[in-house]
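Asks: Take this structure first; my questions come after.
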Amino acid sequence: MYYTSLASSSTVAVTRAAVEVRMVLTMMRLVVAVAVVVVAAVAEEEVEVRATYIVHMAKSAMPAEYGDDHGEWYGASLRSVSGRGKMLYAYDTVLHGFSARLTEREARDMVGMDGVLAVNPEERYDLHTTRTPEFLGIAGNDGLFPQSGTAGDVVVGVLDTGVWPESRSYDDAGIGEVPAGWKGECMAGTGFNSSACNRKLVGARFFTRGYEAAMGPMDTTRESRSPRDDDGHGTHTSSTAARAAVSDASLFGFASGTARGMAPKARVAVYKVCWLGGCFSSDILAGMDAAVADGCGVLSLSLGGGAADYARDSVAIGAFAAMEQNVLVSCSAGNAGPGTSTLSNVAPWITTVGAGTLDRDFPAYVSLGNGKNYPGVSLYAGKPLPATPLPIVYAANASNSTAGNLCMPGTLTPEKVAGKIVVCDRGVSARVQKGFVVRDAGGAGMPAELAFSSAGEKKSYTVSFTARSQPSGTAGFGRLVWSDGGKHTVASPIAFTWT
9 MYYTSLASSS TVAVTRAAVE VRMVLTMMRL VVAVAVVVVA AVAEEEVEVR
59 ATYIVHMAKS AMPAEYGDDH GEWYGASLRS VSGRGKMLYA YDTVLHGFSA
109 RLTEREARDM VGMDGVLAVN PEERYDLHTT RTPEFLGIAG NDGLFPQSGT
159 AGDVVVGVLD TGVWPESRSY DDAGIGEVPA GWKGECMAGT GFNSSACNRK
209 LVGARFFTRG YEAAMGPMDT TRESRSPRDD DGHGTHTSST AARAAVSDAS
259 LFGFASGTAR GMAPKARVAV YKVCWLGGCF SSDILAGMDA AVADGCGVLS
309 LSLGGGAADY ARDSVAIGAF AAMEQNVLVS CSAGNAGPGT STLSNVAPWI
359 TTVGAGTLDR DFPAYVSLGN GKNYPGVSLY AGKPLPATPL PIVYAANASN
409 STAGNLCMPG TLTPEKVAGK IVVCDRGVSA RVQKGFVVRD AGGAGMPAEL
459 AFSSAGEKKS YTVSFTARSQ PSGTAGFGRL VWSDGGKHTV ASPIAFTWT
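Converting from the sequence shown to our numbering requires adding 8 to each position, the first position being numbered 1.
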């Protein structure tokens, strides 16, 4: 009995020990598994992609403890869903809310929070590109210009690529003092002093946070961290809107006359929201927010991103709030088309402007060997061709690629296009790029190549074109552009008058 009892006790002891070992091993495996899950979760969070989102808040829902500090409320809301999210801008004029860098999960979590109306991903917008006053009949004695005696009190806020303040378009000679209610400022930066503003150019700001969050740090060797216009588009649009009258203006002696803006007595304030990488909605909203708060009576935006749902269109949202504060918002219809749904900025509270009628034409003709002429439009006839007609080939018939008809890089067969005029279909790539593809494959009729040996060197060339007869004094404008694919661009303006 004793041995049996002892043996039984030993068996029980061994069994308990085995159970304890198994429990320890199980717990170790559990701890390891939990550790693996935690590490995996951390690793997964580290690789999550962050993007910019526009968060729309209901200001009426702001808790009383924040008082009037909406920025602190926005910050607390952001911190409640993300310890790593970075706020870019806080808005409180054309909308209530903020823009921040969030993951998709954080954006979804924010949608369900109290006080949050909507969370929209940021959109990228693109830029849209002297006879107009006379053509519209507003320059005569009974026109709009002579009747606009109070226009000097209006500040036109232009959201674009900035401004070149040295232009004569912003001369303030003869212009009265800046309106008393104006609250804007002239921000200094690279190549731009605060003294660049005057009684005509009354304000200049720039906004980079959305651009740099999306595209990385700015390359200051290629663009200026300031209101300085490195592109020319912003100077063009702002001077078109409210240029001071500039007498004896011409393009290299052609089309001489007086250049003026559509509202020459109005003031201009520029808000640089467009950069080499595009125009980002967080920056655009910040510009609109500042422009309305500064006291602009008109906002002009020659940019767009295509037709979109109003609830997700940042320009439409900002324009609606501006309209509620008696600010007119004018936007371009865009350069797309002529297909359906190709207009931009179509919200009914936006004045959408597009060129529907012109009073001049620039016809050009393609002459075939059978004597038939086909009309087209061009300001440049190209490099003179030989007197003997050249053969024409459709790009799709000179390629083994399904994209050959579009003259995409590397799609044309050199022996099939050599010495021929190549007809390419529009689409996908720019027409200038198609020209380079044809030229590189040996096609004929491409623009001459430019080669410069030193900075400031001048080139001379002759441009020939045909045009229909127009009344004496009518002016025509255009430009020739050479490009090596984007690194270097040479643009030469053209102007002419009918005599």
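Beta carbons are placed, not taken as given, at the ideal position from N, Cα and C, and that holds for glycine.
Contact between the region 105-112 and the region 261-280: three or more CB pairs below 8 angstroms?
Replies: At 8 angstroms Cβ cutoff, the stretches do not touch.
Asks: Within 10 angstroms of its Cβ, does Thr-228 collect 16 or more other Cβ (buried), or is it exposed?
Replies: Classification of Thr-228: exposed, given that the 10 Å Cβ count is below 16.
Asks: Can you tell me where the alpha helix (DSSP H) with Leu-86 in it begins and where it stops?
Replies: Run containing Leu-86: 78-87, per the alpha helix (DSSP H) assignment.
Asks: Measure the Cβ-Cβ separation of Met-223 and Gly-313 and say whether it is below 8 angstroms.
Replies: no
Asks: As a quick exercise: from Glu-131, Met-416 and Ala-115, pick the residue whose alpha carbon is nearest that of Ala-403.
Replies: Met-416
Asks: Report the rounded CA-to-CA distance for Ala-406 versus Lys-380, giving the unit in angstroms.
Replies: 24 angstroms
Asks: From which residue to which residue does the alpha helix (DSSP H) around Met-118 run?
Replies: It spans 112-119 - the alpha helix (DSSP H) in which Met-118 sits, taken as one unbroken run.
Asks: If you draw a straight line from the C-alpha of Lys-280 to the C-alpha of Tyr-99, how long is it?
Replies: Whole-angstrom Cα-Cα distance: 17 angstroms.
Asks: What does a CB cutoff of less than 6 angstroms around Leu-125 pick up in its chain, not counting 5 residues either side in sequence?
Replies: His-64 and Ala-66
Asks: Kindly give me the distance between the Cβ atoms of Ala-363 and Asn-353, rounded to whole angstroms, as I take these residues to be in contact under 8 angstroms.
Replies: Between Asn-353 and Ala-363 the Cβ distance is about 14 angstroms, and since that is not below 8 angstroms, they are no contact.
Asks: When you compare each of Arg-213, Ser-177, Ser-234 and Lys-191 to Gly-199 by their alpha carbons, which one comes out closest?
Replies: Out of Arg-213, Ser-177, Ser-234 and Lys-191, Ser-234 has the C-alpha closest to the C-alpha of Gly-199.
Asks: Given this structure, state the Cα-to-Cα distance separating Asn-413 from Asp-433, to the nearest angstrom.
Replies: 6 angstroms
Asks: Which complete beta strand (DSSP E) runs does the region 417-458 hold, if anything under 3 residues is left out?
Replies: 429-431
Asks: Got a sec, what are the start and stop residues for the beta strand (DSSP E) Asp-134 sits in?
Replies: Here the beta strand (DSSP E) through Asp-134 covers 132-135.
Asks: Quick check: the Cα distance between Ala-51 and Arg-92, rounded to an integer number of angstroms?
Replies: Since pLDDT at Ala-51 reaches only 42, below the 50 mark, its modelled position is unreliable, and no value is offered.
Asks: Would you say Ser-289 touches the ligand HEM, meaning its beta carbon is less than 7 angstroms from a heavy atom?
Replies: With respect to small molecules bound, the structure shown includes none, and the ligand HEM cannot be examined in it.
Asks: Helix, strand or coil for Leu-96, going by three-state DSSP, please let me know.
Replies: strand
Asks: Comparing C-alpha positions only, which one of Leu-103, Gly-83, Thr-101 and His-104 sits nearest to Lys-94?
Replies: Gly-83
Asks: Near Val-276, what residues of its chain come up, given a Cβ to Cβ distance below 6 angstroms and the 5 sequence neighbours on each side ignored?
Replies: Val-164, Leu-209, Ser-246 and Ala-250
Asks: Between which two residues does the beta strand (DSSP E) holding Tyr-74 run?
Replies: Under the DSSP assignment, Tyr-74 falls outside any beta strand (DSSP E); it carries neither an H nor an E label.
Asks: Please work out which residues of its chain come closer than 6 angstroms, Cβ to Cβ, to Pro-187, disregarding the five sequence neighbours upstream and downstream, and give them in chain order.
Replies: So the qualifying residues of the chain are Asp-161.
Asks: Assign Ser-349 to one of three DSSP states: helix, strand, or coil.
Replies: coil
Asks: Please tell me whether Val-445 and Lys-424 are closer than 8 angstroms, where the distance is taken between their beta carbons.
Replies: no
Asks: Could you tell me the alpha carbon to alpha carbon distance between Ala-315 and Ser-349, rounded to whole angstroms?
Replies: Their backbone Cα atoms lie some 6 angstroms apart in a straight line.
Asks: Along the alpha helix (DSSP H) that carries Met-331, what are the first and last residues, could you check?
Replies: Counting along the chain, the alpha helix (DSSP H) containing Met-331 begins and ends at 322-332.
Asks: Short check: CB of Asp-321 to CB of Ala-271, under 8 angstroms?
Replies: Taking 8 angstroms as the Cβ cut-off, Asp-321 and Ala-271 do not qualify as a contacting pair.
Asks: Ser-437 to Ala-344, Cα distance in whole Å?
Replies: When rounded, the distance between both Cα atoms is 14 angstroms.
Asks: Indicate whether Ala-301 and Thr-101 have their beta-carbon atoms separated by less than 8 angstroms.
Replies: yes
Asks: Under 8 angstroms between the Cβ atoms of Gly-242 and Gly-189?
Replies: no
Asks: How would you call Lys-191, buried or exposed, if buried means at least 16 neighbouring beta carbons within 10 angstroms?
Replies: By the C-beta density criterion, Lys-191 is exposed, having fewer than 16 other C-beta atoms within 10 angstroms.
Asks: Distance, Cα to Cα, Ser-375 vs Pro-346?
Replies: Rounded to the nearest whole angstrom, the C-alpha separation of Ser-375 and Pro-346 is 27 angstroms.
Asks: Sort out for me which residues DSSP pairs Ala-126 with in a bridge.
Replies: His-64
Asks: Going by alpha carbons, who is nearest to Glu-56 out of Arg-87, Asp-77 and Glu-114?
Replies: Glu-114
Asks: Throw me the rounded Cβ distance for the Leu-351 and Thr-359 pair, which I believe falls under 8 angstroms.
Replies: Actually they are not in contact, since the Cβ atoms of Leu-351 and Thr-359 sit about 13 angstroms apart, beyond 8 angstroms.
Asks: In its own chain, which residues sit with a C-beta less than 6 angstroms from the C-beta of Val-89, not counting the 5 before and 5 after it?
Replies: Glu-114, Asp-117 and Met-118
Asks: Which residue from Arg-217, Pro-422 and Asn-206 puts its Cα closest to that of Ala-274?
Replies: Asn-206
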